[in-house]
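Here is the structure we will look at, set down as structure tokens.
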Amino acid sequence: MESLLNRYRNITVLLLVIFAQLVLLAIQVKNGADVPLIRVWTVTAVTPVARLVEGMRGGGSGFLHNYVLLRDTSAENRHLQTEVDRLKLDNIFLKNELNRADRAKALEVFQRQTASKMVAATIFMVGAVSNSKVVYVDRGTLSGVQRGMGVVTPDGIVGKVIAAYPTASEVLLVTDADFAAGVISQKNLAHGTLKGQGTPMCKMDYVAFEDKIDPGELLFTSGDDRIFPRGFPVGVVKAARVAQPFKEILVEPSGLQRGLEDVLIVVQGAHQAIPDTPPVSQPVYIAPAPPGNPGTDSGAPVGAAPRATGTEADKLRAIYKSAAEAQHHTFGEGGPGIKLPDFTRLPAPSATPNAGSTPNTGATPSTGGAAAVTPSPKPPLNKPGTLLNKPGTPRAAPEAVTPGAGRRSTPAAGTPPGGPPH
Amino acid sequence: MSYSGDRILLSSQREGQVSRFRAWVMVLVPLAAILFQVYVPMFFEFLKFLEMPLLVVIYFAVMRRSQISGLAIGALVGLAQDSLSQKTPLGMYGIVKTLVGYFAASVGVRLDVDHALLRLVLAYFFYVFHQFFYWVMARALLGQQQLVFEWGKTLSVAALNAVVAVALFRLLDRLRQTG
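Written out as structure tokens, the structure is:
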């Protein structure tokens, strides 16, 4: 029996192993369920080694690629440089698009605020002749553009249409030698004709030598030429010289200063007034007063001198004014012979807290008015010499601190400049 | 390394020398073969044709000249291979490789398995057997009737595996314990 088992041992083991696996397989097939335990064992055994191999591969590959095999680096550099260049171009393009959008918005706002009917156009081509200042815009007769119409931007006039085609128009710029337009100066209302010279500067012609026009003065269209409606900005006078029979006036056109791309064609003009102020006038922001200033409180004690800002004369004027108001006196009312306020009862100043601690302040005034700016907390009437007892001028001091007498005798010495407020 | 002369058939079982391997070799080499099977084709897809676990099973089975040892290695490697493939039920490759291990060990008892030509033929034959038997089992046990056995492809891939097997077996011969 034992020898029989030994003889068939191998085949027995084989059959057992096969049978066990068949049972395993049958269980899975019949139940449709997996045997996760064996898979977990295998994966747990294999995964760490696989990770190790992957780590070694990644590290070795990285080392090889980063430190040994640099043959692709130059090609990659070139590729990246090309990419950077392309992105730079894209950036410039997008910035231009943004600027274009801003300009379009500005044109739209200008178009809305102007009474004239205008058509927006884009300059897409320049004239073929090198010395002519001619451009082409993408609007033509199909858009209502006709020969002779004015072309403007919010900054100023640009030129006029000299030829209109169905889909495009030819525009003669203000700087061209053949260009002319009627203009008027803003301040002195001097009439003239703007003429191009073929250079960036234009000239204003036909201004009589007796007409006044100053450099820096703004010019606007006068509407006389029947091309541009009255009131469009033209430029600024850069130089004006007296000559015979007309003045020589150089004008810098404002419509071309920021470059040309988008313009407006005036298809139906409406005259407007010449503005009194320059086109660009921005309101000035004034910050609120800093907190903690005693004189600015509305609940300031009655009788105390209000805090006055400004010059020393203003402060002194505020002191006298408050004294008069305390005595129910209103300046500017009443006729001759009205009872004047008693300026001997000046309120105690609170705006100059250091005055009492610096008694010598009043001893070194340069003028009598300036000396009274720093009144002592004590009434100056009681100690007249403390304020204006200046060496060499002993008699002036008492008169100065006695306003009633002072005003009669030496009004300039004791009263504020111009005297008490009326 | 030296191959025995021109004799392929051994006159008796005693003529065949049982090769011995260290334990870590018996563990790491099959593990490396399984890793190769699941890892290398990720980067080199053209190496997918290599059935490295099968070649390792054949090698250890024929070199150990022990049928029980051969079937055990075949069963373990096959089950591990099944485990790493969620599509394959556990036991498919296990059964096939168990049979391969057993028969390879049986051949190793009779033949001089150090001979390169014999190794080539063995690898070729057992590859075809492995693929064919797997196909039979898949149809019979799993009911995958749509599976078609591609003879041409199987025979050509078997040839490639056989060539690789000869080189691999020479490499693994270096891990044999001497003396």
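In order, the protein sequences belong to chains A and B.
Once you know that position 35 of the first sequence is 39 in the working numbering, the rest is easy, because the numbers rise by one and skip nothing.
Once you know that position 10 of the second sequence is 1483 in the working numbering, the rest is easy, because the numbers rise by one and skip nothing.
The beta-carbon is built from N, C-alpha and C at its ideal position, and this holds for glycine as well.
What you are looking at is a predicted structure, and each value in this text was computed from that prediction instead of being measured.
For my contact list, residue i and residue j are in at a C-beta cut-off of 8 angstroms; report their separation, rounded to the angstrom.
| i | j | result |
| --- | --- | --- |
| Asp159 (chain A) | Gln261 (chain A) | 6 angstroms |
| Asp215 (chain A) | Lys199 (chain A) | Not quite, the Cβ-Cβ distance comes to about 17 angstroms (not below 8 angstroms), so this is no contact. |
| Val123 (chain A) | Leu268 (chain A) | 7 angstroms |
| Phe347 (chain A) | Ala322 (chain A) | No, Phe347 (chain A) and Ala322 (chain A) are not in contact; Cβ-Cβ is about 13 angstroms, not under 8 angstroms. |
| Leu1469 (chain B) | Ile1531 (chain B) | Any question about residue 1469 (chain B) goes unanswered here, given that chain B covers just 1474 to 1652. |
| Pro257 (chain A) | Gly239 (chain A) | 4 angstroms |
| Thr145 (chain A) | Pro170 (chain A) | 5 angstroms |
| Gly1574 (chain B) | Met1536 (chain B) | Contact flag wrong, Cβ pair sits at about 12 angstroms. |
| Pro233 (chain A) | Ala274 (chain A) | 6 angstroms |
| Leu1508 (chain B) | Ile42 (chain A) | Contact flag wrong, Cβ pair sits at about 18 angstroms. |
| Ile217 (chain A) | Lys251 (chain A) | 7 angstroms |
| Gly259 (chain A) | Val178 (chain A) | 7 angstroms |
Alpha carbon to alpha carbon, what distance is there between residue j and residue i?
| i | j | result |
| --- | --- | --- |
| Val17 (chain A) | Ser1579 (chain B) | 14 angstroms |
| Leu9 (chain A) | Ile1541 (chain B) | 14 angstroms |
| Ala1613 (chain B) | His1603 (chain B) | 15 angstroms |
| Leu29 (chain A) | Leu1501 (chain B) | 27 angstroms |
| Leu350 (chain A) | Ile342 (chain A) | 20 angstroms |
| Gly396 (chain A) | Ala317 (chain A) | Residue placement at Gly396 (chain A) is poorly supported in this model, since its pLDDT is 39, which falls under 50; the coordinates are not used for a value here. |
| Ala1577 (chain B) | Ala1589 (chain B) | 15 angstroms |
| Ala1632 (chain B) | Gly59 (chain A) | 33 angstroms |
| Gln117 (chain A) | Ser147 (chain A) | 21 angstroms |
| Glu265 (chain A) | Asn192 (chain A) | 33 angstroms |
| Ala212 (chain A) | Glu101 (chain A) | 47 angstroms |
| Gly360 (chain A) | Ala330 (chain A) | Note that Gly360 (chain A) scores 40 on pLDDT, short of 50, meaning its location in the model is unreliable; the coordinates nonetheless yield the value given after this. Their backbone Cα atoms lie some 24 angstroms apart in a straight line. |
| His195 (chain A) | Gly186 (chain A) | 7 angstroms |
| Val138 (chain A) | Leu84 (chain A) | 42 angstroms |
| Gly1567 (chain B) | Leu1549 (chain B) | 7 angstroms |
| Gln25 (chain A) | Leu1593 (chain B) | 29 angstroms |
| Met1610 (chain B) | Val1569 (chain B) | 9 angstroms |
| Ile96 (chain A) | Asp89 (chain A) | 11 angstroms |
| Lys345 (chain A) | Tyr324 (chain A) | For the record, residue 345 (chain A) in the displayed sequence is Pro; it is not Lys. Looking at the two C-alpha atoms, the distance is approximately 9 angstroms. |
| Arg1649 (chain B) | Phe1494 (chain B) | 5 angstroms |
| Val1636 (chain B) | Phe1605 (chain B) | 20 angstroms |
| Ala1638 (chain B) | Leu1528 (chain B) | 6 angstroms |
| Val44 (chain A) | Phe1599 (chain B) | 29 angstroms |
| Ala1640 (chain B) | Arg55 (chain A) | 27 angstroms |
Answer with buried or exposed for residue i, where buried requires no fewer than 16 other C-beta atoms within 10 angstroms of its C-beta.
| i | result |
| --- | --- |
| His332 (chain A) | exposed |
| Gln1617 (chain B) | exposed |
| Ala1545 (chain B) | buried |
| Lys1629 (chain B) | What sits at residue 1629 (chain B) in the sequence shown is Ser, not Lys. Exposed: under 16 other Cβ atoms inside 10 Å. |
| Glu1623 (chain B) | exposed |
| Arg230 (chain A) | exposed |
| Arg143 (chain A) | buried |
| Ser1556 (chain B) | buried |
| Ser1492 (chain B) | buried |
| Ser189 (chain A) | buried |
| Leu320 (chain A) | buried |
| Gly152 (chain A) | exposed |
| Phe335 (chain A) | exposed |
| Pro1503 (chain B) | buried |
| Phe128 (chain A) | exposed |
| Gln248 (chain A) | exposed |
| Leu111 (chain A) | buried |
| Tyr1607 (chain B) | buried |
| Lys164 (chain A) | buried |
| Lys207 (chain A) | buried |
Using DSSP bridges, identify the partner residues of residue i.
| i | result |
| --- | --- |
| Gly186 (chain A) | A:Thr197 |
| Thr171 (chain A) | DSSP, once it has assigned bridges, lists no residue as partnering Thr171 (chain A). |
| Met208 (chain A) | A:Leu198 and A:Ile253 |
| Pro237 (chain A) | A:Phe224 |
| Thr126 (chain A) | A:Asp266 |
| Ala243 (chain A) | A:Leu254 |
| Gly160 (chain A) | A:Thr157 |
| Arg1493 (chain B) | B:Gln1650 |
| Leu177 (chain A) | A:Gly163 |
| Tyr12 (chain A) | Per DSSP, none; premise fails for Tyr12 (chain A). |
| Val141 (chain A) | A:Ile127 and A:Ser173 |
| Gln272 (chain A) | A:Lys121 |
Subject >> Runs of alpha helix (DSSP H) lying entirely within the region 1573-1648 of chain B, each at least 4 residues, in chain order >> reply: 1589-1614 and 1624-1646
**OP:** Could you name each continuous alpha helix (DSSP H) segment of 4 residues or more that falls completely within the region 54-130 of chain A, going from the start of the chain to the end?
**Re:** 77-117
**OP:** Could you tell me which uninterrupted alpha helix (DSSP H) segments, each at least 4 residues in length, are contained entirely in the region 1522-1583 of chain B, listed from first to last along the chain?
**Re:** 1525-1537, 1540-1556 and 1565-1583
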